[in-house]
Structure formats: C-alpha cells, structure tokens
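Peer 1: One structure, as structure tokens, below. Some questions next.
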Amino acid sequence: MTAKFTHEEIISYLSSTGQEQYHFLIDLEHPYFFTAGSRLTLFADNDRWAIVFEKAGFSTGSACGMLELSYYGNCLRNTTEPNGQTSNSKYVTLIEYDDLQAITEPDGFEQVAANAIEIRVRDKIVPIQNDPSEYRAKGIDPTGYSDRPDLIEFEAMIRFLDEVSRIHRPRVMDL
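Right, here's the structure in full:
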C-alpha cells in the first residue's frame, strides 16, 4: 500500500513549525537547560505520521530535572493547553526542586553534597554516583566551572543518570 502523505509534506510541516505562537522546534542548546540526553521516536502507517523529540536535562530556570517533549505529525491529539491555545510541547518534571535541594552541598551552588547517596526521580529512588572518575569515564565533566573538583554538579548528575539508567525517562506512550 502507498502512504497517503509524502516526505515533502512532512518537511513542509516541520518547516512551518515555529510560525504559530506555541509551536516550537526542539532546542538542544538552550542556554538555561543543560541537556543530559535526547531521543527521537518516529511513527508512520499508511495515513498517519508522528515525530517526537525528547530532551532530558537540568533546567536552571526552574532548578529541576526536566523532560521536554516536542511532537509533530498529522495525527496528534490532546494538543490544547488550558489557555485554549494549541501547543506541540509538553514538559514533565523528572526531579523536583525540593529533591534537588535535599541533596545540595550547603556551601555549593547546584552541586551534589558529598554525602548524598540517592535521589527521587519520578517517584523512584535512584542511587547517586559521587565518584568524579566514574563521570569522566563516560565523557561527562562532573565539575564544570566549579572550583570544587570533589563535588558533582547537578547537570552532570542528571546526565550520568541518563547514561546509566533510562528509568528516569518514560516512554512517550506512558505520558
């Protein structure tokens, strides 16, 4: 069977994203969001197609771990926001502000306390790795611009969690 849409129609749809007030393209280099990981999910049958971009990371603006979803397609449902506008984005808190504050180094800024051993991620308790060499082994800079090489920064911890256990990122169908 032949699909009832063309790749030109999909490209045209993606090119028009951003022309409506609450429709966005994914931004992997947002200055207030440290991306920990991303995933692309594609769906198509003869009549429908959808693309979902997932971006997990640390949001400095809301000081929490977040999952940002941006979705596109000709079969989207439930895109109306409470204000009556339509949107192609959804934001899911992975690690609450209070949970990050509970593991914060008292004299640090957005750094994991050396004695922190676990954190709640989407209602699951997950162990925290405090050894900077484990982060470096995965290509993650654990301390960033910090003057404390013994402490892990929040964005590094979230990226490490993304690398070692995908349990903090739900499948799109679970949302």
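Okay, so the sequence shown: first residue is 11 according to the working numbering, each after it adds one.
Ideal Cβ positions, reconstructed from N, Cα and C, are used throughout, including at glycine.
1. Take every Cβ of the stretch 58 to 70, pair it with every Cβ of the stretch 79 to 96, and state whether three or more of those distances are shorter than 8 Å.
2. With a CB to CB cut of under 6 Å and the five nearest residues on each side skipped, what residues in its chain are close to L161?
3. Less than 8 Å between the CB atoms is what I'm expecting for S99 and E78, so what's the real figure, rounded?
4. How many angstroms separate the CA atom of F43 from the CA atom of P159?
5. Report yes if the C-beta of T96 is less than 7 Å from at least one heavy atom of the ligand MG; otherwise report no.
6. Counting only runs that start and end within the stretch 73 to 136, where is the alpha helix (DSSP H) found for 4 or more residues in a row?
7. Look at the Cβ atom of G67, then the Cβ atom of T45, and state whether they are nearer than 8 Å.
8. Name the residue from D133, K134, R132 and Q139 whose alpha carbon lies nearest to the alpha carbon of A126.
9. When the Cα atoms are used, what is the spatial distance from Y101 to K134?
10. Quick check on S175: does DSSP put it in helix, strand or coil?
11. Could you give the first and the last residue of the continuous beta strand (DSSP E) run that contains S64?
12. State the DSSP-derived secondary structure class of L161, mapped to helix, strand or coil.
13. By how many angstroms is the C-alpha of V136 removed from the C-alpha of L38?
Peer 2: Judging by the given coordinates:
1. yes
2. If we look at L161 and ignore the five residues flanking it on each side, its Cβ neighbours are E115, G118 and Q121.
3. 7 Å
4. 22 Å
5. The ligand content of the structure shown is nil, which means the ligand MG is not present either.
6. 107 to 112
7. yes
8. Taking each of D133, K134, R132 and Q139 in turn and checking the Cα distance to A126, the smallest one comes out for Q139.
9. Each residue's alpha carbon lies about 19 Å from the other.
10. coil
11. Looking at the sequence shown, residue 64 is not Ser but Glu. Secondary structure note for E64: its beta strand (DSSP E) is the uninterrupted segment W59 to S69.
12. coil
13. 25 Å
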